Every structure is written in structure tokens, then in C-alpha cells.
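In what follows, a structure is listed as C-alpha cells, so that the remarks can point back to it.
In C-alpha cells, the structure reads:
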């Protein structure tokens, strides 16, 4: 459809070719979908394509309640417009994007509402990888349907461009506009299925591959294979699913078990809140129809029952609740993608599916207040405040409770300080550490922390304008107002806080020749909100 559509000044799509006749390819596509060629767009019946995969089409029941959208645009984190598409020509032009960002940044607090109303227009947006994906409409539209559309557009852009970032969008502007022309016609949703779109998208993605020493480190003496060559870099999966027609497509599968850890620890060290949210993400570069079997940890159970119970499945909604059997790796809730076959899950904890090319979330799970392993970090603060001289001394000891063979990367501690700090002196336990005052807070950076180790830092600050409490003497261990709480951010490679692991990943793909598909499995945990009160 992309070569059969012309866009006039108002942004409306015309289905006539240069000679004024219907273009054969666009006409055949419309006939297959049984869309009437005459009449307004809202009178066209929608026939959904077969379901399946991350880019599956929106259901007909959802689309039946979905009206048109007027505009779609993508903004950078600083509000710069990267993509702007006006489908109906009934809005204020590009000034609407600037108006949205002005309203968004003018709201108090860090969390902005996903749906906003201004004048006679609704703004619905999501934030993905630092970008704002925004849809506007003047109709009374269900916001959940537009949020689902924006989420699937983000997945499509990531699949076609390799990853979703400001750089990839800027390099692939023509590809993004061609995708929008196929997904939305005059503001009405047509399809979000990659299997359908791949037949009509002609623009190839522009991929920037920077020089990396990793490529040289994987080559041994006389080209011999090294241990490093058996490990894929973190950016290996950040490439388009549809490769260039001049290059051969690599048959690879990337499976990630990613967990986000939220913790709140009281000043006495007791745990007030522990929450783990996990996902099993899959990105497949195999041809569609290849069956895949994912084996999870056999001790994995759902719920708090110690005995095997009756399986309660809701395949239509993609949610399954299975009673656990015995102590082991337990989660509170779990949900699966609609394409996952659960016939072997109850007996052997095996997930079967036939994923299409692209990215999808195979499984989501959640665990609260009951971790089988200790928390990765414990902080032991000590505060000494000299009221007379205005000298504040903070001693921080950070202990890593990971196994000795594990490590934490990019550890950063953020400690808000009282107002009026004029100087900082520091004594750190290792030269790799770095600390500085920035934006009214102490930032302590630790690039790498080995499991079982302890790191410390002594920080002295002068706060001459800070008054002391009248009930205390010239020196006190009570923290002054404005100090804390401390927050930690970190990454834990090859580690999951819940203990869930992938036992195996097996494919039924039959390659051409002797080239077998590559399978990459990664386990990763990172902090979502790790807060420690002082």
C-alpha cells in the first residue's frame, strides 16, 4: 500500500495512482481484507488477520469501539519533534506537539497522566526508551485502545528499526512514515501485524554499527575460537528483524529473563516492602512457524499452596494460575502470551510456542514480600552532626550479599542532602569509586561490586546555614532535616532475584545446509526503586 498511497497537504491518503487508476497491489490487498472501496472510512468493515505474535492485529471487538485519531507524533526527551503525522487535517498543525510538551512539563510531580485533555482535544501518550509516543483525537475514544495501539507501534518500530531510540528514529524517518501509512488510514487502524506489513514495507532500515573492540576480542590466535566468542554483546539483538535484501538473515533467537526489584528498607534495617516484577522476553530472527520449547526451573510454582492442585486456565485471556507443589521458586502471579501452549507446563514446566519474527513477551510474573534469597545490598549508615560548627559527617558502608562469583555493575547511590551544603571532603575505600555533589544530593558511583564484598565511604560536609534541634546538644547522631532517604540503582547480570532460570531452549527449526540457529539466553536483574531510610 505504501507505493499506492499519495499524501496531500492535509495529510489525507489517496488510493489512486499517478494515472488516476487503482493500483493493482493496493486493490488486491483491499479485496483480500474485504474493505469496501467506496464510502467513508468509518463504514468500512474490518476483518482481522490471524492472531499471533507481538505484532498481532488488534481484535475486532476492540476496533469496533475505536474511532479515528487525528495526529500521531514522537518527541524526544527534550521535546524535539522527531516524527509528526496529521491524518485528518482538523488540528492546529505542528504547534500541537509543542503544546503537549509544554503541558506535560508544567505538571507537578514526576509521574504525568497518560491521558490529558486540552481545549477540544485528548492527548494519549506512552513513554518508551526516553521517547514520547503521542496520539491525539477529538472523539470520545476508549483510552485503553489507543494505549494498546501506541504500545504495538513501539514494538513495530523496534522490530523494523532494530531498537527504539532517538538515533534510530532519526536515521529511519522514511521507514517510520511508511509504517504509519500502512498501520493507519485516515486515522483509522488497519493492522499492526508484522506478517501482513512485511509484504508492503519496501524501505530498508538504516543501521549504524559503531566500531567495537568486542569484535576483535572474540578472535583468538590464528582465528581460533575464544571463550569471549561464546558470549553475545548486549546490543546483539538491537538490529532489524527484516534484514537487508542484499544480506543473508542470521537465524538467531534471543531469550531474556529480566526482573525489576523494588525495595523499601526502614532505618532499623527491617524490610518494609519487597516486590519483584519479571518478564521473559523473546526476540526471534527465525522464519515464522518454527516451534520453540522453553524449559523453566522444575521447582517453579505459582501460589502459596504446598501441594499440586487443579490447574485453572484462561487461554482466551492469556492468564494461567497454577497451584504450586512443594517449596521451591515461588511467584504470586503469572500470565502468558496468547500464543504459548501450556500442555507441558503443569507436568514439566515447559512452554511451547511458534513465535513470529520480532519481539514478544512470553511470560510475566510477580512476587511480593517473600524472596528465597537475601537482598543484594545492605546499607549501614552512620551520621554525626556538629551543630556548632555546621559540620555534617556521614559514614556509609555498603555490603553486597550476592554469591562470591556474582557481581553488580553500575552501582549508584543517591543521597539527598540538606540545603546549604558548601563543601565536600571524601575518603573512599577503593580508587575506582567516585563521589560528587550534584543537584543538592550526594552521588556515589561504584562501577563494579563483587559478591560478598564491603565498600565504604566517609563524607564530610559543611552546612553553616542549617539550624539544629533545640533538644540536642552541640553534637548529635540524629540526622538533620533533609538528609535521605538513600536510593540505589544497579544491574545484576546472570542473576535473578526470584531464582527463576531457563533450563533449556530447543528449536524445531530445520536450517538450510549445515548452519544451525544460534540461541542466546540472558538473565538480568536491575533496580526499579531500591530505597533505604536513614
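Numbering (my numbering), first residue to last: 1 to 534. Just so it is clear, CB atoms sit at the ideal spot from N, CA and C, and this is done for glycine as well. Computed from a prediction, not measured in an experiment: that's the story for all the values here.
Would you call the CB atoms of residue 78 and residue 180 closer than 7 Å?
-> no
Distance, Cα to Cα, residue 415 vs residue 187?
-> 47 Å
C-alpha gap between residue 417 and residue 456, whole angstroms = 18 Å
What are the start and end residues of the beta strand (DSSP E) that includes residue 536?
-> Outside the displayed range of the chain (1 to 534) lies residue 536, so it cannot be described from this structure.
Give me the Cβ distance between residue 359 and residue 282, rounded to the nearest whole Å; I'm assuming they're in contact under 8 Å.
-> 7 Å
Nearest-angstrom Cβ-Cβ length linking residue 490 and residue 408, presumed shorter than 8 Å | 5 Å
First through last residue of the alpha helix (DSSP H) which encompasses residue 347 = 345-348
Would you check if the distance between the CB atom of residue 536 and the CB atom of residue 521 is smaller than 7 Å?
-> Here the chain has residues from 1 to 534 only, and residue 536 is not among them.
Between residue 164 and the rest of its own chain, which residues show a CB-CB distance below 8 Å, the 5 nearest in sequence each way excluded?
-> 128, 129, 131, 154, 157, 158
For the putative contact between residue 259 and residue 487, defined by C-beta atoms under 8 Å, what is the C-beta separation to the nearest angstrom?
-> With 8 Å as the limit, residue 259 and residue 487 do not qualify as a contact, their Cβ atoms being about 18 Å apart.
With 16 other Cβ atoms within 10 Å as the buried cut-off, status of residue 71 = buried
In whole angstroms, what is the alpha-carbon distance linking residue 205 and residue 357?
-> 16 Å
Among 398, 339, 392, which one has its Cα closest to the Cα of residue 444?
-> 398
Thinking C-alpha only, which one of 502, 344, 291 is nearest residue 523?
-> 502
Mark residue 118 as exposed unless 16 or more other C-beta atoms lie within 10 angstroms of its C-beta, in which case mark it buried.
-> exposed
Just the Cα atoms here: how many angstroms apart are residue 538 and residue 288?
-> Outside the shown range of the chain, which is 1 to 534, sits residue 538, and nothing can be said about it.
Report the rounded CA-to-CA distance for residue 178 versus residue 303, giving the unit in angstroms.
-> 46 Å
What is the rounded straight-line gap between the Cα of residue 299 and the Cα of residue 496?
-> 15 Å
Buried/exposed call for residue 190, threshold 16 Cβ in 10 Å | buried
State the Cα-Cα distance for the pair residue 320 and residue 421, rounded to the nearest angstrom.
-> Note that residue 320 has pLDDT 44, beneath the 50 cutoff, so the model's placement of it is unreliable and the number below is only indicative. Straight-line Cα distance between these residues: approximately 54 Å.
Going by DSSP, name the residue or residues bridged to residue 518.
-> 252
Rounded to whole angstroms, how far is the Cβ of residue 413 from the Cβ of residue 263, which I believe are closer than 8 Å?
-> 14 Å between Cβ atoms; not a contact.
Taking the CB atoms as reference points, tell me whether residue 583 and residue 135 lie closer together than 7 Å.
-> Residue 583 cannot be examined here, being either before or after the span of the chain that is shown, 1 to 534.
Does the Cβ-Cβ distance between residue 335 and residue 364 come in under 7 Å?
-> yes
With a 10 Å radius around its C-beta and 16 neighbouring C-beta atoms as the bar for buried, classify residue 174 as buried or exposed.
-> exposed
Alpha carbon of residue 498 to alpha carbon of residue 270, nearest angstrom = 19 Å
Hey, quick one: how far does the beta strand (DSSP E) through residue 86 stretch, first residue to last?
-> 81-86
Same chain only: Cβ atoms within 6 Å of residue 373, ignoring 5 sequence neighbours per side = none
Where residue 379 and residue 330 are concerned, what is the direct C-alpha to C-alpha distance, given to the nearest angstrom?
-> 27 Å
Any heavy atom of the ligand SAH closer than 6 Å to the CB of residue 141?
-> As presented, the structure is devoid of all ligands, the ligand SAH included, so that no description of it is given.
Measure the CB-CB distance between residue 404 and residue 452 and report whether it falls below 7 Å.
-> yes
Classification of residue 518 by the beta-carbon crowding that lies within 10 angstroms, buried from 16 upward = exposed
Looking only at C-alpha atoms, which of 268, 143, 197, 100 sits nearest to residue 74?
-> 100
So, residue 143 versus residue 124, is the Cβ gap smaller than 7 Å?
-> yes
Closest Cα partner of residue 297 within the set 348, 392, 197, 162 = 348
Tell me, please, which residues DSSP counts as bridged to residue 397.
-> 380, 456
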